[in-house]
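Residue numbers (the numbering used here), protein chains in the order written: chain F, 2 to 172; chain B, 6 to 365.
Notes follow the structure.
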Amino acid sequence: MILASNSLTSVGIGTLFWSVLIFSLFFFLLAKFAWKPILAAIKQRDEMIKGSLASAEMAREEMLKLQSDNEAILRKAREEREVILKEGRNVRDKLIAEAKGKATEEAEKIVEKAKAGIEREKTKALSEIHEQVASLSVEIASMVLGEKLSKTEEQEKLIDKYLKDVNINKN
Amino acid sequence: MKKRILTGLFSILFLSAFNFPVMGQEEHGSQETATQGQSKEKFDANSFIIGHVSNSHEWHILTKKNGESVAIYLPVILYQKGTGLHFFFSGKLAHEHEYKGFRLEEEGEYAGKIVAVNAAGEVDTDNMPLDFSMTKMVIGMLGAVLIGLWLFISLSRSYKRSGISYPRGIQSFLEPVICFIRDEVVIPNIGYKHYERFMPYLLSVFFFILINNLMGLIPFPPPFGANVTGNLAVTMTLALFTFFIIQISGTKGYWRHIFATPGVPVWLLPIMIPVELIGMVSKPFALMIRLFANITAGHIIVMSLLALIFIFDSIWVSPVSIFFVIFMDCLELLVAFLQAYVFTLLSALFISLALVEEHH
């Protein structure tokens, strides 16, 4: 039979022996000195890559969060500034308005006072003038009449009445 | 899987096809020598091809014009009952010389084998020696193993040196292959739970086959060019390793499946158990035949194409031969990777089948 007689298909016991020996040596030496450290290194690297990818993702998320936080804070600060500025403006306006009101009031008061003072002085001066005019007119009249009129109360009342009629305000 | 076995069958058919016409030619040739008196020896394609793809005790390099051959004579180690171990170089046995009562047969029933001869010069079948010689395949295999060991031990050194940095140098060349085996072959079949246990074996077997396949494609110098993975003893060794690893790592569920297949009535078990046992053996057997047949077939085709030059006895055939040989070599390069991959893949698959969890 072709299979049996062929040197290709016969299994040599010696070749089998050597190949078992050589392959087991190859296998054990590689397993011990090559595959173990190589696979460990590859695995370690894989895990490191996985870990660093995960932490990078985490860092990215953290950063995004921080960024949005920052933006929020910034927005808030801006709003607060607006509010503060607005308040300040209001206060200022109020203060100015108040001050203005007070000032006008005061001024008015002063003017009022001055007016009253003036009025008072005026009436005082007028009454003085009244008196002088009265005494002058009495003197003049006595001189004119040549008759010394006694300064009785009745006479003075009479003179006042005349003076009022004269109405000094007219001049 | 069927396709591979078919390829193997074809390669054997191919061999037998070569046997007959060449033998016919030989007869014709001998007639010619008789008529023409002196003529050069007729080219024997069969022994040319088979001689190159099969094992031998010497590493043939070239044959001079005068018929003398230049070869490396490899160590012969014999064990014979009674006389014990014998160690010498195969040069002592060249040209059917007798040495220490041994002879290397070139023809006949024991062609290519070392036999014991008795005083009359006949084959002594009672005292046949066990042949543990360092043959061509052994030397080729040793070369491949040394290259593999050097490659991977220096690789592991470079990992130790560079720590867990990015792969560089030899790492960037081999790491993708290792990762491919891990991620595409071992993990999908065996799963995360157990895969680490089998990585060393599967990686070793993959690279052992791959390096030997590739070295077999390089024709010169020794230890390149030996048809190691196309040797049945070598593929049997690998298949046996896979077989024993499967049996050793077999779970309870796996053994139960063989000896007490769940769901099968008891009266069927006497039939089922042998069937399962055949299945147990046929898996590694298929691995053995597939690798052997694929690699040998490739070598035979390449050698046949080269033999065409000598069959036609014309130098003008050589461009055609060389073109087809280059084409075949490219194909064989693919096959070298493919067969290493297939062997590893199927080993992983068979191992995973033995790791079945028990279902209650």
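Beta carbons are placed, not taken as given, at the ideal position from N, Cα and C, and that holds for glycine.
Note that the coordinates shown come from a computational prediction; the quantities given were computed from them, not determined experimentally.
(message) Within a Cβ cutoff of 6 Å, which residues of the same chain sit near B/A244, ignoring the five residues on either side of it in sequence?
(response) Against the second sequence, residue 244 of chain B aligns to sequence position 239. So the list reads P289, L292, M293, once near-sequence residues are dropped.
(request) Let me know the secondary structure DSSP gives F/E72 once reduced to three states. (result) Indexing the first sequence from 1 puts residue 72 of chain F at position 71. Look at F/E72 here: in three-state DSSP terms it is helix.
(request) May I have the straight-line CA-CA distance separating B/N132 from B/A116, to the nearest angstrom? (result) Here residue 132 of chain B refers to the residue found at position 127 of the second sequence. Here residue 116 of chain B refers to the residue found at position 111 of the second sequence. Spanning the two alpha carbons is a distance of roughly 17 Å.
(request) Would you list the residues sitting across from B/E63 in a DSSP beta bridge? (result) As a position in the second sequence, residue 63 of chain B is number 58, starting the count at 1. Residue pairing from DSSP places B/E63 in a beta bridge opposite B/Y78.
(request) Assign B/T130 to one of two classes, buried (16 or more other C-beta atoms within 10 Å of its C-beta) or exposed (fewer than that). (result) Within the second sequence, residue 130 of chain B is the residue found at index 125, counting from 1. Counting every other CB atom within 10 Å of its CB across the protein chains shown gives B/T130 a total below 16, marking it as exposed.
(message) Here's the rule: buried if 16 or more other CB atoms are within 10 angstroms of the residue's CB, otherwise exposed. What is B/H262?
(response) The sequence position of residue 262 of chain B within the second sequence is 257, counting from 1. Buried: at least 16 other Cβ atoms inside 10 Å.
(request) State the Cα-Cα distance for the pair B/V128 and B/G106, rounded to the nearest angstrom. (result) Here the question's residue 128 of chain B lines up with position 123 in the second sequence. Here the question's residue 106 of chain B lines up with position 101 in the second sequence. Near 10 Å, if we compare the C-alpha coordinates of B/G106 and B/V128.
(message) Using only the alpha-carbon positions, how far apart do B/A353 and B/T242 sit?
(response) Taking the first residue of the second sequence as 1, we reach residue 353 of chain B at position 348. Taking the first residue of the second sequence as 1, we reach residue 242 of chain B at position 237. So the alpha carbons of these two residues sit roughly 17 Å apart.
(message) Considering only the alpha carbon of each residue, which of B/S95, B/E337, B/T247 lies closest to B/L350?
(response) Residue mapping note: residue 350 of chain B aligns to position 345 of the second sequence, counting from 1. Nearest in C-alpha terms to B/L350, of all of B/S95, B/E337, B/T247, is B/T247.
(message) Let me make sure I understand the geometry here. Which of B/A265, B/C335, B/N60, B/P228 has the alpha-carbon closest to that of F/I14?
(response) Numbered from its first residue, the first sequence carries residue 14 of chain F at position 13. When each option's Cα is compared against that of F/I14, the closest is B/N60.
(message) Considering only the alpha carbon of each residue, which of F/K103, F/V21, F/E113 lies closest to B/V150?
(response) What you label residue 150 of chain B is simply residue 145 of the second sequence in a count that begins at 1. Of F/K103, F/V21, F/E113, the residue nearest in Cα terms is F/V21.
(message) Against chain B, does F/S56 count as a neighbour if the rule is that its beta carbon must be under 9 Å from one of theirs?
(response) Residue mapping note: residue 56 of chain F aligns to position 55 of the first sequence, counting from 1. Output row for F/S56: interface = no.
(request) Assuming B/L336 contacts B/V322 (C-beta within less than 8 Å), just tell me the rounded distance between them. (result) If you number the second sequence from 1, residue 336 of chain B lands on position 331. If you number the second sequence from 1, residue 322 of chain B lands on position 317. Incorrect: roughly 20 Å between the Cβ atoms, too far for contact.
(message) For B/V233 and B/N217, I'd like the C-alpha separation in whole angstroms.
(response) Here the question's residue 233 of chain B lines up with position 228 in the second sequence. Here the question's residue 217 of chain B lines up with position 212 in the second sequence. The straight-line gap separating the alpha-carbon atoms of B/V233 and B/N217 is approximately 6 Å.
(request) With a threshold of 8 Å, establish whether the CB of F/G102 neighbours any heavy atom of the ligand ADP. (result) This structure lacks the ligand ADP, and indeed carries no ligand of any kind.
(request) Label F/W36 either buried or exposed according to how many other C-beta atoms from any shown protein chain fall within 10 Å of its C-beta, with 16 as the threshold for buried. (result) Numbered from its first residue, the first sequence carries residue 36 of chain F at position 35. Buried, by the Cβ-count rule.
(request) May I have the straight-line CA-CA distance separating B/F211 from F/F27, to the nearest angstrom? (result) Taking the second sequence and counting its residues from 1, one reaches residue 211 of chain B at position 206. Taking the first sequence and counting its residues from 1, one reaches residue 27 of chain F at position 26. B/F211 and F/F27 have their alpha carbons spaced roughly 12 Å apart.
(message) If distances are taken between C-alpha atoms only, which option among F/T10, F/F29, F/I43 comes closest to B/R173?
(response) Against the second sequence, residue 173 of chain B aligns to sequence position 168. Out of F/T10, F/F29, F/I43, F/I43 has the C-alpha closest to the C-alpha of B/R173.
(request) Check whether the Cβ atoms of B/L2 and B/H65 lie closer than 9 Å to each other. (result) Only positions 6 to 365 of chain B appear in this structure, which leaves residue 2 of chain B out of reach.
(message) Can you tell me whether B/D136 is buried or exposed? The criterion is at least 16 other CB atoms within 10 Å of its CB, across all chains shown.
(response) To locate residue 136 of chain B, count along the second sequence from 1; it is residue 131. Buried is the call here.
(request) Check whether the Cβ atoms of F/A135 and F/D166 sit closer than 9 Å, and answer yes or no. (result) Taking the first residue of the first sequence as 1, we reach residue 135 of chain F at position 134. Taking the first residue of the first sequence as 1, we reach residue 166 of chain F at position 165. Contact: no.
(message) Quick check on B/F93: does DSSP put it in helix, strand or coil?
(response) Here the question's residue 93 of chain B lines up with position 88 in the second sequence. It is a strand residue.
(request) Report, in whole angstroms, the separation of the C-beta atoms of B/T140 and B/G235, which I expect to be a contact under 8 Å. (result) As a working mapping, residue 140 of chain B is identified with position 135 in the second sequence. As a working mapping, residue 235 of chain B is identified with position 230 in the second sequence. Not confirmed; about 14 Å, so no contact.
(request) May I ask you to list, following chain order, the residues of the segment 30 to 50 of chain F that have a beta carbon less than 8 Å from some beta carbon of chain B? (result) Cβ contacts with chain B come from L30, L31, A32, F34, A35, W36, K37, P38, I39, L40, A42, I43, Q45, R46, M49.
(request) Report buried or exposed for B/R295, applying the criterion of at least 16 other Cβ atoms within 10 angstroms of its Cβ. (result) For the purposes of this step, residue 295 of chain B is identified with residue 290 of the second sequence, where counting begins at 1. Label assigned to B/R295: buried.
(message) Spatial neighbours of B/A359 within its chain, please: C-beta separation below 8 Å, excluding the five flanking residues on both sides.
(response) By one-based count along the second sequence, residue 359 of chain B stands at place 354. The answer, listed in chain order, is I251, Q252, S254, G255, T256, Y259.
(request) Give me whichever residues DSSP pairs with B/A121 in a beta bridge. (result) Working through the second sequence from its first residue, we reach residue 121 of chain B at position 116. Answer is B/F107, bridged to B/A121.
(message) Residues of chain B with CB closer than 7 Å to the CB of F/V21, please, in chain order.
(response) Within the first sequence, residue 21 of chain F is the residue found at index 20, counting from 1. Within 7 Å Cβ-Cβ: T242.
(message) Residues of chain F with CB closer than 9 Å to the CB of B/D188, please, in chain order.
(response) Position 183 of the second sequence, counted from the start, is the residue given in the question as residue 188 of chain B. By Cβ distance, chain F contributes nothing, its closest Cβ being about 10 Å from B/D188, past 9 Å.
(request) Could you name the residues of the segment 50 to 64 of chain B whose beta carbon sits closer than 9 Å to any beta carbon of chain F, in the order they occur along the chain? (result) I55, G56, V58, S59, N60, S61
(request) Could you list the residues in the segment 171 to 195 of chain B with a C-beta less than 8 Å from some C-beta on chain F, going in chain order? (result) E180, I183, C184, R187
(request) Could you tell me which chain F residues have their CB closer than 9 Å to the CB of B/N218, listed as they occur along the chain? (result) What you label residue 218 of chain B is simply residue 213 of the second sequence in a count that begins at 1. Within 9 Å Cβ-Cβ: nothing; B/N218 doesn't reach chain F, min ~15 Å.
(request) With 7 Å as the limit, tell me which residues of the segment 141 to 169 of chain B have their beta carbon closer than that to any beta carbon of chain F; keep them in chain order. (result) M142, V143, M146, L147, V150, G153, L154, F157, I158, L160, S161, Y164, K165, I169
(message) Which residue wins for smallest C-alpha separation from F/A32, given the options B/F317, B/V191, B/F92, B/S161?
(response) On the first sequence, residue 32 of chain F is found 31 positions in, with the first residue counted as 1. Checking every option, the nearest Cα to that of F/A32 belongs to B/S161.
(message) Please report the straight-line C-alpha distance between F/M64 and F/A100, rounded to a whole angstrom.
(response) As a working mapping, residue 64 of chain F is identified with position 63 in the first sequence. As a working mapping, residue 100 of chain F is identified with position 99 in the first sequence. Those two C-alpha atoms are separated by around 52 Å.
(request) Could you confirm whether any beta carbon from chain F is found closer than 9 Å to the beta carbon of B/S209? (result) Counting from one through the second sequence, the residue named residue 209 of chain B turns up at place 204. Yes, because at least one Cβ of chain F sits closer than 9 Å to the Cβ of B/S209.
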